[in-house]
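Residue numbers (this note's numbering), protein chains in the order written: chain P, 210 to 597; chain H, 210 to 597.
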């Protein structure tokens with residue numbers, strides 16, 4: 210299994226390119242990673258929407274979550290079987306208005322949608338990285354994305370916006386490049402991965418490792434072409450429960466059976482309730498479009514997320530944040546609970562940085578940042594127009 | 210792998226038996242199961258503590274949870290590597306005082322500590338049930354335990370007490386045998402398994418099924434004696450996170466690494482945070498003492514738990530509850546949240562049954578029912594002494 214979506218042969222961005230078409234930027238210099246590895250070159254695939262202003266002052270960077278990619282907006286297209294993951298938020302006349310802003314979204318380092326990741330071809334021998342892919346961090350993802358400054362001719366992002374792992378990148382953007390970011394919007398994220406978040410991530414890794422078809426990470430050339438899709442499916446199911454809420458599941462599925470006509474008195478061990486069918490659907494859907502090694506590596510990057518690392522502690526790290534910040538939390542989020550968004554807001558505020566906290570009232574759980582765009586949009590629109 | 214703990218050859222209870230020693234009761238009549246299966250005979254292993262009063266009025270039944278067994282109290286012994294799971298609650302002078310009460314705890318049907326379960330020998334062919342073991346329900350567990358009435362010469366339990374799946378049995382005891390139970394104490398449990406609870410259970414099942422050593426459930430005679438211990442370990446890890454709380458994990462593990470001397474900059478994909486080591490420990494500990502098929506079948510029984518099934522709806526089912534009820538909930542329980550205990554209390558109260566609700570303030574999550582016995586003990590002691 211190698212990246213199944215052809216990447217355009219040239220990556221230079223031209224103003225007349227169709228909006229939302231994938232482009233790529235390549236850094237051919239060795240890229241040193243935070244955890245000690247080196248990639249001899251790095252490709253960053255990205256999409257853009259809108260028009261860059263003459264003074265390049267209207268560029269907004271969108272950062273995607275664990276299994277997201279560069280296709281934040283726009284219709285389904287080759288390699289993207291569904292419309293953009295923030296399709297209802299980004300576009301002409303929408304909350305992140307592409308008539309006004311030049312919007313950019315890049316597939317993260319470690320991903321499987323064109324940017325360098327475990328399924329990419331190792332330049333040394335022309336075979337997929339597989340088990341040779343090094344550990345990456347959120348900071349590596351951000352540093353790789355910085356190639357877009359030169360690529361697009363941008364000095365500074367007007368804002369960097371993202372939810373979940375996207376929010377981790379947002380925070381790191383403001384701390385690594387404090388002079389090149391004018392404002393940030395971290396949504397449903399954390400300053401440091403908590404033990405519970407790490408626990409969920411670790412369980413997902415062990416599930417994939419349990420699948421004999423994972424083959425230690427070198428399954429791309431397996432004779433039968435059979436990767437660890439079942440392990441990835443089940444790992445995703447664990448995540449899927451943490452992405453939603455008890456209330457939502459009760460309202461949506463209750464105790465209904467998949468086969469409603471069959472009496473429950475004939476139930477066997479593997480007959481399913483509707484919620485199981487839902488989990489199977491989401492697991493299979495992800496396994497069709499995502500690479501298990503990318504899932505492992507990006508998950509590990511989230512576990513390693515800690516804005517304090519190497520910065521003299523949390524308060525000192527937060528001290529790097531010198532630009533206006535809009536923090537967004539979700540009432541029913543069990544994975545990145547509201548208290549973590551309140552903590553970001555409180556710590557940033559205490560250092561005198563202009564900070565706002567917006568709370569989404571939703572039963573959708575963590576995934577509300579993808580679903581309840583009607584609630585997320587207005588505060589972002591207002592925040593983007595604040596005087597800087 | 211067959212039951213690894215020899216069961217005494219005779220099961221008749223004699224007053225001079227040592228307290229806490231395992232005994233067994235056997236029903237040699239065909240036992241019809243709620244979901245349609247039939248077991249040609251059923252063994253129920255149990256332990257007792259204290260002395261049965263001459264009028265048999267002081268018998269208290271304790272019901273265990275998913276991976277518990279009959280060893281609710283007493284020191285480690287053959288087949289029980291640790292002291293009883295409610296060791297600090299049950300005993301002379303303790304909250305459930307065995308100087309006063311005759312306390313009984315039985316291993317559930319489907320278990321692997323002596324009662325009939327998937328690892329038991331099928332009487333027809335002398336080989337383990339394995340994949341032939343039928344689906345069981347909480348009601349089947351309760352009906353199997355009813356063999357103890359004759360075995361012990363008891364007409365009525367003074368109280369039936371249990372947490373988690375034990376609480377499900379408690380509720381079913383009061384509904385199936387309303388005249389043979391004088392009071393009930395359901396702790397951290399539910400009236401009906403919710404979609405989220407089913408989701409967690411289903412994921413655990415799929416993880417065990419992913420382990421090639423599960424072999425469709427027929428691994429007992431595997432040439433290499435190698436069962437699905439890794440699948441069971443990981444399934445347990447999922448449960449373990451839901452048994453505890455975010456706060457507890459943060460306080461106890463934070464972001465500490467297992468190998469604290471190794472710089473994080475040399476982290477690889479499988480190096481572990483302390484919380485991962487904790488999960489591995491708990492997974493391995495369970496896999497050493499528990500049978501994967503029992504885990505699957507008992508888990509399914511919990512998913513099927515619904516006191517309303519076949520009883521004309523929830524309110525009608527609750528109407529069968531005619532004895533005093535003490536409901537106990539835990540503030541930090543994310544698996545059987547406090548609102549579910551409040552619901553039990555509210556529904557029972559609304560039908561005019563004397564009901565109390567006691568709330569445990571704890572950060573231990575669901576497992577507080579096993580840990581915070583100092584908080585659970587006093588209300589149970591008081592409840593046991595109420596006039597009936």
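The C-beta atom is built at its ideal place from N, Cα and C for all residues, glycine as well.
Residue from the options with nearest C-alpha to residue i
| i | options | result |
| --- | --- | --- |
| residue 239 of chain H | H/332, H/292, H/274, H/254 | H/332 |
| residue 241 of chain P | P/308, P/350, P/324, P/336 | P/350 |
| residue 422 of chain P | P/407, P/534, P/410, P/436 | P/436 |
| residue 519 of chain P | P/381, P/405, P/306, P/298 | P/381 |
| residue 251 of chain P | P/258, P/582, P/329, P/289 | P/329 |
| residue 572 of chain P | P/368, P/584, P/294 | P/584 |
| residue 502 of chain H | H/467, H/466, H/345 | H/345 |
| residue 283 of chain H | H/290, H/277, H/296 | H/296 |
| residue 322 of chain P | P/298, P/343, P/356, P/277 | P/277 |
| residue 468 of chain P | P/558, P/511, P/480, P/551 | P/480 |
| residue 410 of chain P | H/478, H/553, H/264, H/235 | H/478 |
| residue 581 of chain P | P/499, P/430, P/397, P/313 | P/397 |
| residue 495 of chain H | H/363, H/522, H/438 | H/438 |
| residue 287 of chain P | P/308, P/538, P/498, P/385 | P/498 |
| residue 449 of chain H | H/552, H/492, H/470, H/440 | H/492 |
| residue 264 of chain P | P/365, P/511, P/294, P/442 | P/365 |
| residue 593 of chain P | P/352, P/362, P/368 | P/368 |
In DSSP terms, what residue i is bridged to
| i | result |
| --- | --- |
| residue 466 of chain P | P/482 |
| residue 272 of chain H | H/371 |
| residue 241 of chain P | P/247 |
| residue 289 of chain H | H/286 |
| residue 236 of chain H | H/251 |
| residue 305 of chain P | P/299 |
| residue 330 of chain P | P/337 |
| residue 452 of chain P | Paired residue(s): none; residue 452 of chain P is not in a bridge. |
| residue 315 of chain P | P/255 |
Environment of residue i [buried if 16+ CB atoms lie within 10 Å]
| i | result |
| --- | --- |
| residue 509 of chain P | buried |
| residue 432 of chain P | exposed |
| residue 560 of chain H | exposed |
| residue 225 of chain P | Unreliable positioning characterises residue 225 of chain P in this predicted model, as indicated by a pLDDT of 43, which lies under 50. A coordinate reading is not provided. |
| residue 525 of chain H | exposed |
| residue 275 of chain P | buried |
| residue 428 of chain H | buried |
| residue 221 of chain P | At residue 221 of chain P the pLDDT is 41, less than 50, meaning the model places this residue with poor confidence and gives no usable figure here. |
| residue 262 of chain H | exposed |
| residue 426 of chain P | buried |
| residue 472 of chain H | exposed |
| residue 316 of chain P | buried |
| residue 174 of chain P | Residue 174 of chain P falls outside the range modelled here, since chain P spans only 210 to 597, and no answer is possible. |
| residue 597 of chain H | exposed |
| residue 243 of chain H | buried |
| residue 211 of chain H | Per-residue confidence for residue 211 of chain H stands at a pLDDT of 34, beneath the threshold of 50, marking its modelled position as unreliable; no derived number is given. |
| residue 474 of chain H | exposed |
| residue 522 of chain P | exposed |
| residue 285 of chain P | exposed |
| residue 512 of chain P | buried |
8 angstroms Cβ cutoff met for residue i and residue j
| i | j | result |
| --- | --- | --- |
| residue 279 of chain H | residue 231 of chain H | yes |
| residue 452 of chain H | residue 484 of chain H | no |
| residue 370 of chain P | residue 269 of chain P | yes |
| residue 564 of chain P | residue 536 of chain P | yes |
| residue 482 of chain P | residue 464 of chain P | yes |
| residue 590 of chain H | residue 569 of chain H | no |
| residue 545 of chain H | residue 454 of chain H | no |
| residue 402 of chain H | residue 542 of chain H | no |
| residue 267 of chain P | residue 311 of chain P | yes |
| residue 417 of chain H | residue 444 of chain H | yes |
| residue 375 of chain P | residue 273 of chain P | yes |
| residue 419 of chain H | residue 446 of chain H | no |
| residue 404 of chain H | residue 459 of chain P | yes |
| residue 319 of chain P | residue 506 of chain P | yes |
| residue 357 of chain P | residue 247 of chain P | no |
| residue 182 of chain P | residue 533 of chain P | Residue 182 of chain P cannot be examined here, being either before or after the span of chain P that is shown, 210 to 597. |
Uninterrupted alpha helix (DSSP H) stretches inside the stretch 358-401 of chain P (no shorter than 4 residues): 374-385
Any alpha helix (DSSP H) of 4 or more consecutive residues that is wholly inside the stretch 496-582 of chain P: 501-512, 523-527, 547-559, 577-580
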